[in-house]
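>
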Amino acid sequence: MSQLNQMELQNLRHMIGSHESAYQKLQDYAQQANDPQIKAFFEKSAQGAQSTKQKLMSFLN
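When you line the sequence shown up against our numbering, it's residues 1 to 61, in that order.
1. Of the residues Gly-48, Glu-8, Phe-42, which one's Cα is nearest the Cα of His-19?
2. Locate the alpha helix (DSSP H) running through Leu-26, then write down its first and last residues.
3. Alpha carbon to alpha carbon, what distance is there between Ala-30 and Ser-41?
4. Quick one: using the 10 Å Cβ neighbour count with 16 as the cut-off for buried, is Lys-53 buried or exposed?
5. Out of Asn-5, Gln-6, His-14, Met-7, which has the shortest C-alpha to C-alpha gap to Leu-81?
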């Protein structure tokens, strides 16, 4: 794979940060949810954000 230029690296870092923020917020929402279906929805969404973050981070290696 070719090296990333500065703009691509900056965009990648921004996307990683955004997915980390989404993960944290969704985890918080899941902890506050009383309804089991809503809790499961937020937990699944948080896992998706974390998974995408990990995939994006693989481009930094």
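All C-beta atoms, glycine included, are put in the ideal place defined by N, C-alpha and C.
Per the coordinate set shown:
1. If you number the sequence shown from 1, residue 19 lands on position 19. By alpha-carbon distance to His-19, the top candidate from Gly-48, Glu-8, Phe-42 is Gly-48.
2. Walking along the sequence shown from the start, residue 26 turns up at place 26. It spans 6-32 - the alpha helix (DSSP H) in which Leu-26 sits, taken as one unbroken run.
3. By one-based count along the sequence shown, residue 41 stands at place 41. By one-based count along the sequence shown, residue 30 stands at place 30. Just to set this straight, residue 41 is Phe in the shown sequence, not Ser. The C-alpha of Ala-30 is placed about 8 Å away from the C-alpha of Phe-41.
4. Looking up residue 53 in the sequence shown gives position 53. Buried, because 16 or more other Cβ atoms sit within 10 Å of the Cβ of Lys-53.
5. No answer is possible for residue 81: the residues shown for the chain start at 1 and end at 61.
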